[in-house]
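Participant: My questions all concern the structure below.
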Amino acid sequence: MNYLFDTNSSLPLVLAADGTNAALVSFLIYTAAVFVLAALSNRLLKNKSFLSEYFLGSRGLGVWAFALTFAATSSSGGSFTGFPSKIYTHGWILALWIGSYMVVPICTMGLIGKRLNQVARRSGSITVPDVIRDRFHSPLLGLMAVSLIVFFMSINLVAQFKAGSLILQTLLDGVTVFENTANGLAHAVSGIPYLSSAESPEYLLCLLVFGIAVILYTTYGGFHAVVWTDVMQGIVMVIGVIIMLPLAISQAGGLENTTKLMAKMTPPRFSAEEKGGITLTLNQPRAELLNIDAGTWITDEPIPDSKVPLLFRVTRATEIPAGETTVNEVKVLQLTTLDDIERILGRRESEDFLDGVRVSNIDLEAYAYGEDGNQQGTYLVGPGPSPSSSNGFLPFSLAISFFFMWAISGTGQPANMVRLMAFRDTKTLQRSICTVAIYYTLIYFPLVLIFCCARVLLPGMEGDPDSIMPRMAVLLTDNIQMGWLAGLLVAAPFAAVMSTVDSFLLLISSAWVRDVYQRNLNPEASEKTIKLLSYLVTFVVGTAAMIVAINPPKFLQDIIVYVGSGLAASFLAPIVYGLYWRRVNAAGAMGAMLGGFSVHLAMYVTGYFVNGSFFKPYQLFNFDPIIIGLSVSFLSGFVVTKLTAPPAEELVHKYFYTTKATTKAKS
Amino acid sequence: MSTTPSNDTESMELDPVFLHSKREAWIILGLWVVALLWAVPYCYLNGYQSGLDPEAIETTMGIPSWVFWGIAFPWLVADVFTIWFCLFYMKEDDLGVAHEGEDLAEEIAEMHTTQDEATAGGNES
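If you read the sequences in order, they're chains A and B. 2 is the number of the first residue of the first sequence in our numbering; add one for each residue after it. 34 is the number of the first residue of the second sequence in our numbering; add one for each residue after it.
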C-alpha cells in the first residue's frame, strides 16, 4: 500500500469536505455521549457527602477511571495539535523533546500519590489548598494556596477555552452547515459590541458550542461526570493513534523509507509576516475576481542555473481583481526538497494548483537554523530545524529542561494532585501507574512516527501546521476508502482539550466553594447552601472564562507554559515537604510557596526588560525558569524551616505516626 | 488504623505508609535521574551531528539509531521497570478511612472555643 508515488491517490484538499463532515457528525455523537455520562453522574450525587462526591468522586476511583482520567487530564489539546505540528515542523528531534514521558507516569503518580491520598483521608481534605491548610494547620497558608490556584487556573482556563475553540474550528473548517451557521451568528451579533469584536464568526461559534457543552456537563455532573467523560476521551485518543500508526507507516512506504526521505529534506523558505513574498502575474486577465485560497500550489520554471522547479504554496489567502493580472507580496512558502516537489507535481491533477500564472520578485526568508550545507539531514538529527532560533529547535540545555518540565513539573500540577486524592486504594494506584505507562507508550512515541510519516505524505504544511492532525486523518482514511473513520480520529484532539478544560473548571470552582466560602466565610453553611453554591459557582466560573475567551489573550501556548511551570514552582515543594518531612512547619511551606512563585515570576518579568517580552523569560544559566523556580522553592522552604521553630508535636503525630500494633492489640 | 492525635510517644510508631511511600519516592526519583542520564547525553552524543550524509544514515527498525537506542529502547526498559516496581515492589498499604468533614468540624469547634473564651473574658472584665 504505497500511496506515495501513486499519482492518482485521492488527496486531502479535494476530499476535505467528506472528512470534515465526518468531524461534525463525530463531534455531535460525542457531545451527546458526554451528556449521557453527566446525567448518570448526577444520580451519584444523591445520598453521599455532597462536596466529597461533587469535587472528589467520594475517593472511590477504580483502576480504569483513575488511570484514564489522570492520563486524559494531563494530555491537553496540545498533545494532538501542538505536538503533531511540532513533529512535522522539526522532525525526529521531537522524540527527545517528549522522551521524559518514559518516566512521566511513575513520577507524576508514584512520587506523591500514595502519601497524598493518605494525608487527605486523614484530614478529610477535598481540595489541594485543603490539604495544605490542614497539614500545616494554617488558614493563612490555605488562603495563599487558594489565591495562587485561582490566579493561575483562571488564566489557564481562558487559554484552554481558546485552544478548544481553535481545535474545533480547524476540524470543522470547510463544513457547509458550519460556515452558514457561523455567518448567521455573525449577522445576529453584529450590533452587540463585545460579541461582534470576536476574532471571527467561526471562532465565536466554536467557542459557544464547545464552552456551553463543557460548562453544562461539568456543572451538572461534577467530578464523576468529568472522570467518566475523561475515560471515554482517553479511549478515543488511544484508538485514534492505534488506527493511524499502521496506516501512516504503510502509506509512507515504511519507516525505513520515511527516514531515508527525511534525511534528504531541507526546510522550506517562507515569507516574513510584514513584508516580502512573491509577485504573481496572470498570463491573461480574468473577467471575474480571482480568489487565491491558502493552501493553493503555484509552480513555475526553474530559475537559470537550477534544475529544481519552483514550487510555492500560498499561506495567506489573497485575490486578483477582475481585469487585473498582478498581485504583489503574496505570502507563500517555497519547497526546497526535490523529492517533495516531484511528488506534488506528480499528482498535480488531484492537488489544488493555480495555472496560467508566472512568479517573479521572490523575496523569501530561510530558516534561522537548518538550511546551511553543514546542517544537511537536519530533520533527522538534533537540534532540529527552526525558523526563528539560530541555535536550532532543541539545544542541549533545553533538552534537560524538558525532562524537568514533563516529569517533575507534572508532579506539581494541582489538577493532577486532586486526582491522586481520589483513588480507592493502593492496589488501584499500582495498577493505574502501569496502565498509564502503557497508555502513554501507545500514544506519544507512535505520534512521533505518525507525524514523521506526515512529512513525507503531506509536504508543504508548514504554513498551517496546526491542522496537520485532521489533514492526516482525512488522507489516511480516504486512501483506504474509509472516510468515515476520519471522524473518530479527529475526535481525539477535542477529546483531549475537553478533558483538560472540565478538570480545570472543577478545580477553580472547588477553590471558591470549599476553600473560600466554606472554610473561611461560613464554615457552618448548610449542605443545601453548599450544594446550590457548587452548581452556581461552577456555572458562573465557566461562563466568565468563556466570555473572556471571546476576545482571548494572544500567546496561547506561552500562557499555558507560564501557568504550568508557575503552578509547579509554587506547589511542588510545599506538598513534598508536607508529605515527607516531619520537621517542616507552616513558615517553611510559606517560604517554599512564595519563593518558588516569585522567583519564577521574576524570570518572566526580567525577560520583559531584557528580551523585550514577558513570554521570553530570562534564562539564568541557560535553564528554563521552571528549574530555577523549583530549586529556589525547595531551598527557601528548607532554609526558612530551619530558621524557625519546629511544628507542634500534635500535628506531627497526626500525620506521621500511628498507634503501635501491640498497643492496638492490647486495647 | 487509629488516627487520633496523641502525645503518648510510647504507644506511637512511625506510620508505615509514610515510610514505604518515602522509600518508593526515592527509588522513583532515582529512576528519573537514570532516564535523564541515559536519554539526554546519549542523544546529544549520537544524535546531534552536523553535515550528515543522507546516504549513510544509520537506522534501527526503520528509525534513526540514535532515536532507537536513546529513546525507544530506554522507554521500553522504563515501562518494564515501572510494571515490575508497581506490581511487585510497591507495598500494598492501608490508606485508612476518610475522615470526611473532620477538618471543618475541628475548625468550627476551635472557632466556638475562641468565641466562648472571648465571651467569658468579656464577662470577667
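We put the CB at the ideal spot given by N, CA and C, even for glycine. In this text the structure is predicted, and so the values were computed from the model without any measurement.
Ordered along the chain, which non-local residues of its own chain (more than five positions away) have a Cβ less than 7 Å from that of A:Gln519?
Facilitator: Stepping through the first sequence from its first residue, residue 519 of chain A is reached at position 518. Excluding positions up to five away in sequence, the list reads Ala526 and Ile531.
Participant: Expressed to the nearest angstrom, what Euclidean distance is found between the alpha-carbon atoms of A:Asp364 and A:Arg287?
Facilitator: By 1-based counting over the first sequence, the position of residue 364 of chain A is 363. By 1-based counting over the first sequence, the position of residue 287 of chain A is 286. Near 26 Å, if we compare the C-alpha coordinates of A:Arg287 and A:Asp364.
Participant: In the stretch 465 to 491 of chain A, which residue ranges form an unbroken alpha helix (DSSP H) of at least 4 residues, counting only runs that do not cross its ends?
Facilitator: Whole alpha helix (DSSP H) segments, 4+ residues: 469 to 480.
Participant: Please tell me whether B:Leu85 has its Cβ less than 7 Å away from any Cβ of chain A.
Facilitator: Taking the second sequence and counting its residues from 1, one reaches residue 85 of chain B at position 52. Using a Cβ-Cβ cut-off of 7 Å, B:Leu85 counts as an interface residue toward chain A, since at least one Cβ of chain A sits closer than that to its own.
Participant: What's the call for B:Trp65, buried or exposed, on a 16-neighbour Cβ count within 10 Å?
Facilitator: Here the question's residue 65 of chain B lines up with position 32 in the second sequence. With 16 or more Cβ atoms within 10 Å of its Cβ, B:Trp65 is classed as buried.
Participant: Count the CB pairs spanning the stretch 269 to 280 of chain A and the stretch 328 to 336 of chain A that are closer than 8 Å, and state whether there are at least three.
Facilitator: yes
Participant: Can you tell me whether DSSP reads A:Gly638 as helix, strand or coil?
Facilitator: Start at 1 with the first residue of the first sequence, and residue 638 of chain A comes out as number 637. In this structure, A:Gly638 counts as helix in the three-state DSSP scheme.
Participant: Classify A:Gly278 as helix, strand or coil using the three-state DSSP reduction.
Facilitator: Residue numbering aside, residue 278 of chain A sits at position 277 when the first sequence is read from its first letter. Note: A:Gly278 maps to strand in three-state DSSP.
Participant: Just the C-alpha distance for A:Asn417 and A:His225, rounded to the nearest angstrom, thanks.
Facilitator: As a first step, residue 417 of chain A is located in the first sequence; it is residue number 416 there, counting from the start. As a first step, residue 225 of chain A is located in the first sequence; it is residue number 224 there, counting from the start. For A:Asn417 and A:His225, the distance between alpha carbons rounds to 15 Å.
Participant: Quick check on DSSP: helix, strand or coil for A:Thr412?
Facilitator: Position 411 of the first sequence, counting from 1, holds the residue named residue 412 of chain A. Looking at A:Thr412 - three-state DSSP - the assignment turns out to be helix.
Participant: Might you give, ordered along the chain, the residues of its own chain that have their beta carbon closer than 6 Å to the beta carbon of A:Thr379, omitting 5 neighbours on each side?
Facilitator: Here residue 379 of chain A refers to the residue found at position 378 of the first sequence. So the qualifying residues of the chain are Gly371 and Pro386.
Participant: B:Trp108 versus chain A: which residues are under 7 Å apart at the beta carbon?
Facilitator: Taking the second sequence and counting its residues from 1, one reaches residue 108 of chain B at position 75. Correct list: Met103, Thr442 and Phe446.
Participant: Comparing alpha-carbon positions, which option in A:Phe610, A:Asn292, A:Thr427 and A:Leu381 lies nearest B:Trp96?
Facilitator: Translated into the one-based positions of the second sequence, residue 96 of chain B becomes position 63. Note on identity: in this sequence residue 96 of chain B is Ile, with Trp being the wrong assignment. Looking at the Cα atoms, A:Leu381 is the closest of the given residues.
Participant: Kindly say whether A:Gly608, judged by its beta-carbon, lies nearer than 7 Å to any beta-carbon of chain B.
Facilitator: One-based indexing of the first sequence puts residue 608 of chain A at position 607. Chain B contact via Cβ: absent.
Participant: For chain B, find out if any of its Cβ atoms is closer than 7 Å to the Cβ of A:Leu413; answer yes or no.
Facilitator: Here residue 413 of chain A refers to the residue found at position 412 when the first sequence is read from its first residue. Here residue 413 of chain A is Gly; the residue named in the question, Leu, does not match the sequence. Chain B contact via Cβ: absent.
Participant: Run through the DSSP bridge pairs and tell me what A:Ser387 is partnered with.
Facilitator: What you label residue 387 of chain A is simply residue 386 of the first sequence in a count that begins at 1. In DSSP, A:Ser387 forms a bridge with A:Tyr370.
Participant: Could you name the residues of chain B that A:His601 contacts, counting a contact when the two beta carbons are closer than 7 Å?
Facilitator: Residue numbering aside, residue 601 of chain A sits at position 600 when the first sequence is read from its first letter. Per Cβ cutoff of 7 Å: no residues; A:His601 is ~21 Å from chain B at best.
Participant: Mapping the DSSP letters down to three states, classify A:Gln620 as helix, strand or coil.
Facilitator: Residue mapping note: residue 620 of chain A aligns to position 619 of the first sequence, counting from 1. In this structure, A:Gln620 counts as coil in the three-state DSSP scheme.
Participant: Quick check: is the beta carbon of B:Glu157 nearer than 7 Å to any beta carbon in chain A?
Facilitator: Start at 1 with the first residue of the second sequence, and residue 157 of chain B comes out as number 124. Interpretation of B:Glu157 is limited by its pLDDT of 46, a score under 50 that renders its predicted location unreliable; no figure is taken from the coordinates.
Participant: For A:His138, count neighbouring Cβ atoms within 10 angstroms of its own Cβ and tell me buried if that reaches 16, exposed if not.
Facilitator: As a first step, residue 138 of chain A is located in the first sequence; it is residue number 137 there, counting from the start. Classification for A:His138: buried.
Participant: Would you mind stating whether A:Pro626 and A:Tyr89 have Cβ atoms separated by less than 7 Å?
Facilitator: Mapped onto the first sequence, residue 626 of chain A falls at position 625. Mapped onto the first sequence, residue 89 of chain A falls at position 88. If you check the CB distance, A:Pro626 and A:Tyr89 do not come in under 7 Å.
Participant: According to DSSP, is A:Trp298 part of a helix, a strand, or is it coil?
Facilitator: As a working mapping, residue 298 of chain A is identified with position 297 in the first sequence. It is a strand residue.
Participant: Could you give the DSSP three-state label for A:Leu459: helix, strand or coil?
Facilitator: Position 458 of the first sequence holds residue 459 of chain A. If DSSP states are grouped into helix, strand and coil, A:Leu459 belongs with coil.
Participant: Within the same chain, show all residues whose beta-carbon is closer than 7 Å to that of A:Ala323, passing over the 5 residues directly before and after it, in chain order.
Facilitator: In the first sequence, the residue the question calls residue 323 of chain A occupies position 322. Closer than 7 Å at Cβ, skipping near neighbours: Arg287, Ala288, Glu289 and Leu290.
Participant: Starting from A:Ser402 and walking both ways along the beta strand (DSSP E), at which residues does that stretch end?
Facilitator: Stepping through the first sequence from its first residue, residue 402 of chain A is reached at position 401. No beta strand (DSSP E) contains A:Ser402, which is instead part of the alpha helix (DSSP H) from Phe397 to Phe404.
Participant: Hey, would you say B:Asp136 sits closer than 7 Å to A:Asp135, going by beta carbons?
Facilitator: Mapped onto the second sequence, residue 136 of chain B falls at position 103. Mapped onto the first sequence, residue 135 of chain A falls at position 134. Contact flag set, yes.
Participant: Return the residue from the list A:Val514, A:Phe397, A:Gly488 and A:Val633 that minimises the CA-CA distance to A:Val176.
Facilitator: Residue 176 of chain A sits at position 175 when you count from the first residue of the first sequence. Nearest of A:Val514, A:Phe397, A:Gly488 and A:Val633 to A:Val176, Cα basis: A:Gly488.
Participant: Taking any Cβ of chain B, which residues in the stretch 363 to 394 of chain A have a Cβ under 7 Å from it, in chain order?
Facilitator: Asn375, Gln376, Gln377, Gly378, Leu381, Val382, Gly383 and Pro384
Participant: Under the rule that 16 or more other beta-carbon atoms within 10 Å means buried, what is A:Lys261, buried or exposed?
Facilitator: On the first sequence, position 260 is the one that residue 261 of chain A refers to. By the neighbour-count criterion, in which 16 or more other beta carbons inside 10 Å mark a residue as buried, A:Lys261 falls on the buried side.
Participant: So, do the stretch 392 to 400 of chain A and the stretch 548 to 558 of chain A have three or more beta carbon pairs nearer to each other than 8 Å?
Facilitator: no
Participant: Could you have a look at B:Leu64 and say whether DSSP puts it in helix, strand or coil?
Facilitator: Here residue 64 of chain B is taken as the residue at index 31 of the second sequence, counted from 1. DSSP places B:Leu64 in helix when its eight states are reduced to three.
Participant: Taking B:Glu133 as the query, report the chain A residues whose CB atoms sit under 7 Å from its CB, ordered along the chain.
Facilitator: The residue you call residue 133 of chain B lines up with position 100 of the second sequence. For a Cβ distance threshold of 7 Å, residue set Ser50, Ser53 and Gly125 of chain A lies close to B:Glu133, ordered along the chain.
Participant: For A:Thr219 and A:Thr539, which I take to be in contact (beta-carbon distance under 8 Å), what is that distance rounded to the nearest angstrom?
Facilitator: In the first sequence, counting from the first residue as 1, residue 219 of chain A sits at position 218. In the first sequence, counting from the first residue as 1, residue 539 of chain A sits at position 538. Confirmed, about 6 Å.
Participant: Alpha carbons only, please: which of A:Asn258, A:Ile551 and A:Phe403 is nearest the one belonging to B:Met88?
Facilitator: As a first step, residue 88 of chain B must be located in the second sequence, where it is residue number 55. The sequence shown places Glu at residue 88 of chain B, rather than the Met named in the question. Nearest option by C-alpha distance: A:Asn258.
Participant: Helix or strand or just coil, what does DSSP make of A:Ile113?
Facilitator: Sequence index remark: in the first sequence, residue 113 of chain A carries index 112 (1-based). Looking at A:Ile113 - three-state DSSP - the assignment turns out to be coil, as it is neither helix nor strand.
Participant: Quickly, what does DSSP pair A:Val333 with across the bridge? List them, please.
Facilitator: Here residue 333 of chain A corresponds to residue number 332 of the first sequence, with the count starting at 1. A:Val315.
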